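S.K.: Going by the numbering used here, the sequence shown opens with residue 308, and the numbers climb by one from there. For each residue, glycine too, the CB sits at the ideal point set by N, CA and C. Owing to the predicted nature of the structure, the values given are computational and were not obtained by experimental measurement. Input: one structure, supplied below.
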Amino acid sequence: MPSNSLLQGFERLLPTYARVDVTIVRGEGARVWDTDGREYLDFGAGIAVVALGHLHPAPLAAVHEQLGRLWHASNLYRTEPAEELAARLSQRFGGGQAFFCNSGTEAVEAALKYARKATGKPGVVALDGGFHGRTLGSLSATGQPAKREPFAPLVPGVRFVPPNDMDALRDAVDADVGIVLLEPILGEGGVLPLEPGFAAAAAELPVLLCFDEVQTGVGRTGTFFAFERLGIHPDLVTLAKGLANGLPIGALLVADEVSGAFAPGDHGSTFGGSPIACAAACAVVDAIDTDLLENVRAQGAALVDGLASLPGVLEVRGRGLLLGARVGVPAADVVGACRERGLLVLTAGDDVVRLAPPLTIDAEDVERALATLAFALETTSVEPSSKL
308 MPSNSLLQGF
318 ERLLPTYARV
328 DVTIVRGEGA
338 RVWDTDGREY
348 LDFGAGIAVV
358 ALGHLHPAPL
368 AAVHEQLGRL
378 WHASNLYRTE
388 PAEELAARLS
398 QRFGGGQAFF
408 CNSGTEAVEA
418 ALKYARKATG
428 KPGVVALDGG
438 FHGRTLGSLS
448 ATGQPAKREP
458 FAPLVPGVRF
468 VPPNDMDALR
478 DAVDADVGIV
488 LLEPILGEGG
498 VLPLEPGFAA
508 AAAELPVLLC
518 FDEVQTGVGR
528 TGTFFAFERL
538 GIHPDLVTLA
548 KGLANGLPIG
558 ALLVADEVSG
568 AFAPGDHGST
578 FGGSPIACAA
588 ACAVVDAIDT
598 DLLENVRAQG
608 AALVDGLASL
618 PGVLEVRGRG
628 LLLGARVGVP
638 AADVVGACRE
648 RGLLVLTAGD
658 DVVRLAPPLT
668 IDAEDVERAL
678 ATLAFALETT
688 SVEPSSKL
């Protein structure tokens, strides 16, 4: 049980999260343990963050070494880890340059500023149901009214179109628009993949195309970037979540063809390019190799097949190890029932259970998760009167 000091500390946190009454104290691989010593199979991975699993030896060793050398120097000076990470990401992206920050929403803010500076146009086109963060600019481009409306008025000039509606997309882009901002798979918006034709239509528009890969990037869908399966190359990409396996980092990648808009002083981040976070991220990027990506595809396919066979699952969406199961009961009820049985999963809207486990899971983990989900769906589908 949590100590009195922990309970008092909890009361001192602003209530910005709907935390459940479980205190996680340790993690290893695809498992975490709470203060009571109870083990959970973590198929949420800290919301798609712990890409290689908890305490993976590669980033752990990199961080340990960097902790003994340098923690912070500021961006007034060059640091080796930031430059090494920029080189690695540029190689994966096919060129370009990187800006480092601390989170996904900061990366999106950087993309919005970059587009405005590069094009001189303030307009943004984004998707209904999309999610790009909670800072003011990113929130303004988030197509979820429940998150936006309490903070109106927001940044003007943002217009929303339905996912995969090519006509609406083309109609929305006029002379005032400088950027189209898309998630390859709408993560918070129900794990809904973009269709290749829609992505191709976006790439043909006379504006900058930014893929928000905060959740889909770094191998999660079976390729390093999710956009690789769409057959196009965007102008801008944002990364975060899995990039440093749990340490705070975000990145904006800018293609060579549109580079040069930012000059010194145009943007910045005090902690961006942290030597410790960048050292961890270098280890993560190096670990995303052919074998690991094949594991993502194989375990993802097994999960898709298994989910599709479960009574109560109406539809399976997603790719690789970012999957959503649409269910006929409140998704939060299924998530709660799974947690009671030792499985951590997520929601993605009212009726979608989201799975985003570490990329290193194995077949045994998949079997256990599916068995737990089957039990959770069975128990939550029972009429309330019959549970008495």
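Could you check the C-alpha separation between ARG326 and ALA405 for me, to the nearest Å?
M.R.: Sequence index remark: in the sequence shown, residue 326 carries index 19 (1-based). Sequence index remark: in the sequence shown, residue 405 carries index 98 (1-based). ARG326 and ALA405: Cα-Cα distance of roughly 34 Å.
S.K.: What whole-angstrom Cβ distance do ALA655 and GLY440 have, given they're in contact under 8 Å?
M.R.: Within the sequence shown, numbered from 1, the residue matching residue 655 stands at position 348. Within the sequence shown, numbered from 1, the residue matching residue 440 stands at position 133. Contact doesn't hold; Cβ gap of about 16 Å is too wide.
S.K.: May I ask you to report which of helix, strand or coil DSSP gives GLU335?
M.R.: For the purposes of this step, residue 335 is taken as the residue at position 28 of the sequence shown. Here GLU335 sits in strand by DSSP.
S.K.: Measure the CB-CB distance between ARG624 and PRO500 and report whether it falls below 8 Å.
M.R.: One-based indexing of the sequence shown puts residue 624 at position 317. One-based indexing of the sequence shown puts residue 500 at position 193. Result yes, Cβ atoms of ARG624 and PRO500 sit closer than 8 Å.
S.K.: Name the one or two DSSP bridge partners that TYR347 has.
M.R.: Residue numbering aside, residue 347 sits at position 40 when the sequence shown is read from its first letter. Looking at the DSSP assignment, TYR347 forms a beta bridge with VAL339.
S.K.: Within 10 Å of its beta-carbon, does ALA676 have 16 or more other beta-carbons around it, so buried, or fewer, so exposed?
M.R.: For this step, residue 676 is matched to residue 369 along the sequence shown. By the 10 Å Cβ count, ALA676 comes out buried.
S.K.: Excluding sequence positions up to five away, which residues of its chain have a Cβ less than 7 Å from the Cβ of ALA639?
M.R.: On the sequence shown, position 332 is the one that residue 639 refers to. The answer, listed in chain order, is THR654.
S.K.: Here's the rule I'm using: 16 or more other beta-carbon atoms within 10 Å means buried, otherwise exposed. How should ARG319 be labelled?
M.R.: Position 12 of the sequence shown holds residue 319. It counts as exposed.
S.K.: In the segment 571 to 629, which residue ranges form an unbroken beta strand (DSSP E) of at least 3 residues, counting only runs that do not cross its ends?
M.R.: Listed in chain order, the complete beta strand (DSSP E) runs (minimum 3 residues) inside the segment 571 to 629 are 620 to 626.
S.K.: With DSSP as the reference, identify every bridge partner of VAL659, one or two as the case may be.
M.R.: Numbered from its first residue, the sequence shown carries residue 659 at position 352. Paired residues: ARG633.
S.K.: Suppose only complete runs of 4+ residues qualify. What are the alpha helix (DSSP H) ranges in the segment 497 to 526, listed by chain order?
M.R.: Listed in chain order, they are 503 to 511.
S.K.: Return the first residue and the last residue of the alpha helix (DSSP H) that ARG385 is part of.
M.R.: Residue numbering aside, residue 385 sits at position 78 when the sequence shown is read from its first letter. Segment: none, ARG385 is in no alpha helix (DSSP H) and carries neither H nor E.
S.K.: According to the Cβ coordinates, are GLY344 and GLY360 closer than 8 Å?
M.R.: As a position in the sequence shown, residue 344 is number 37, starting the count at 1. As a position in the sequence shown, residue 360 is number 53, starting the count at 1. Against a cut-off of 8 Å, the Cβ pair of GLY360 and GLY344 comes out as no contact.
S.K.: Using CA atoms only, rank isn't needed, just tell me which of ALA584, GLY567, THR412 is closest to ALA367.
M.R.: Sequence index remark: in the sequence shown, residue 367 carries index 60 (1-based). Checking the sequence, you will find Leu at residue 367 rather than Ala. For the residues ALA584, GLY567, THR412, the minimum Cα distance to LEU367 belongs to ALA584.
S.K.: Considering only C-alpha positions, which residue in the set GLU685, PRO541, PRO582, SER576 is nearest to GLY403?
M.R.: Counting from 1 along the sequence shown, the entry for residue 403 is found at position 96. The candidate whose alpha carbon is nearest that of GLY403 is PRO541.
S.K.: Can you tell which of ARG376, TYR347, GLN315 has its C-alpha closest to the C-alpha of ALA586?
M.R.: The residue you call residue 586 lines up with position 279 of the sequence shown. Here the closest residue by C-alpha is ARG376.
S.K.: Using 8 Å as the threshold, is the C-beta distance between ALA358 and GLY580 below it?
M.R.: For the purposes of this step, residue 358 is identified with residue 51 of the sequence shown, where counting begins at 1. For the purposes of this step, residue 580 is identified with residue 273 of the sequence shown, where counting begins at 1. The answer is no: Cβ separation not under 8 Å.
S.K.: Would you list the residues sitting across from VAL468 in a DSSP beta bridge?
M.R.: Along the sequence shown, read from residue 1 onward, the residue named residue 468 stands at position 161. VAL468 pairs with LEU434.
S.K.: Locate the beta strand (DSSP E) running through PHE406, then write down its first and last residues.
M.R.: If you number the sequence shown from 1, residue 406 lands on position 99. From DSSP, the beta strand (DSSP E) with PHE406 extends over 404 to 408.
S.K.: Using 10 angstroms around the beta-carbon of ALA615, count the other beta-carbons present and answer buried if the total reaches 16, otherwise exposed.
M.R.: The residue labelled residue 615 in the question sits at position 308 within the sequence shown. Exposed is the call here.
S.K.: Select from ALA479, GLU416, PRO582 the residue whose C-alpha is nearest the C-alpha of SER445.
M.R.: Looking up residue 445 in the sequence shown gives position 138. When only C-alpha atoms are compared, the closest one is GLU416.
S.K.: Among THR667, GLU685, LEU684, whose alpha-carbon lies nearest the alpha-carbon of ALA352?
M.R.: In the sequence shown, counting from the first residue as 1, residue 352 sits at position 45. Here the closest residue by C-alpha is THR667.
S.K.: Inspect the beta-carbon positions of PHE569 and LYS454 and report whether they are closer than 8 Å.
M.R.: Along the sequence shown, read from residue 1 onward, the residue named residue 569 stands at position 262. Along the sequence shown, read from residue 1 onward, the residue named residue 454 stands at position 147. Not a contact, by the Cβ cut-off of 8 Å.
S.K.: Using the rule of at least 16 other Cβ atoms within 10 Å of the residue's Cβ for burial, across every protein chain shown, is VAL561 buried or exposed?
M.R.: In the sequence shown, the residue the question calls residue 561 occupies position 254. Buried is the call here.
S.K.: Between which two residues does the alpha helix (DSSP H) containing GLY411 stretch?
M.R.: Taking the sequence shown and counting its residues from 1, the one referred to as residue 411 is at position 104. Its alpha helix (DSSP H) spans residues 411 to 426.
S.K.: When you compare only the Cα positions, how much space is there between GLN315 and TYR421?
M.R.: For the purposes of this step, residue 315 is identified with residue 8 of the sequence shown, where counting begins at 1. For the purposes of this step, residue 421 is identified with residue 114 of the sequence shown, where counting begins at 1. Using only the alpha carbons, I get a separation of about 43 Å.
S.K.: Quick one, which of VAL634, ARG626, LEU621, LEU680 has its alpha-carbon nearest GLY649's?
M.R.: As a first step, residue 649 is located in the sequence shown; it is residue number 342 there, counting from the start. Answer by Cα proximity: LEU680.
S.K.: One question on the structure: do GLY436 and ALA547 come within less than 8 Å of each other, judged by their Cβ atoms?
M.R.: Reading the sequence shown from its first residue, position 129 is the one you call residue 436. Reading the sequence shown from its first residue, position 240 is the one you call residue 547. Not closer than 8 Å, so no.
S.K.: Apart from the five residues on each side of it in sequence, which residues of its chain come closer than 8 Å, Cβ to Cβ, to ALA475?
M.R.: Looking up residue 475 in the sequence shown gives position 168. Taken in chain order, the residues that qualify are VAL468, PRO469.
S.K.: Report whether the distance from the Cβ of LEU493 to the nearest heavy atom of the ligand GDP is below 7 Å.
M.R.: Questions concerning the ligand GDP fall outside what the structure shown contains, since it holds no ligand whatsoever.
S.K.: Looking at the strands, I want to know which residues DSSP matches up with ILE492.
M.R.: As a working mapping, residue 492 is identified with position 185 in the sequence shown. BP columns for ILE492 point to PRO500.
S.K.: Could you give the distance in angstroms between the alpha-carbon of PHE505 and the alpha-carbon of ARG338?
M.R.: Residue mapping note: residue 505 aligns to position 198 of the sequence shown, counting from 1. Residue mapping note: residue 338 aligns to position 31 of the sequence shown, counting from 1. Roughly 38 Å between the two C-alpha positions.
S.K.: Have a look at LEU537 and LYS428 and give me their C-alpha separation to the nearest angstrom.
M.R.: Position 230 of the sequence shown, counting from 1, holds the residue named residue 537. Position 121 of the sequence shown, counting from 1, holds the residue named residue 428. Their Cα atoms are separated by approximately 27 Å.
S.K.: Excluding the 5 residues flanking LEU493 on each side, which residues of the same chain have their C-beta closer than 7 Å to its C-beta?
M.R.: Taking the first residue of the sequence shown as position 1, residue 493 is located at position 186. Once the five neighbours on either side are set aside, the close Cβ partners of LEU493 are LEU434, GLY436, GLY437, PRO470, LEU499.
S.K.: Within its chain, find whatever has a CB closer than 8 Å to the CB of LEU617; leave out the 5 residues flanking it on each side and keep chain order.
M.R.: The residue given as residue 617 occupies position 310 in the sequence shown. Cβ neighbours of LEU617 beyond the five flanking positions: ALA632, LEU677, LEU680, ALA681, LEU684.
S.K.: If you measure between the beta carbons of PRO664 and PHE350, is that distance less than 8 Å?
M.R.: Here residue 664 refers to the residue found at position 357 of the sequence shown. Here residue 350 refers to the residue found at position 43 of the sequence shown. Cβ atoms of PRO664 and PHE350: closer than 8 Å.
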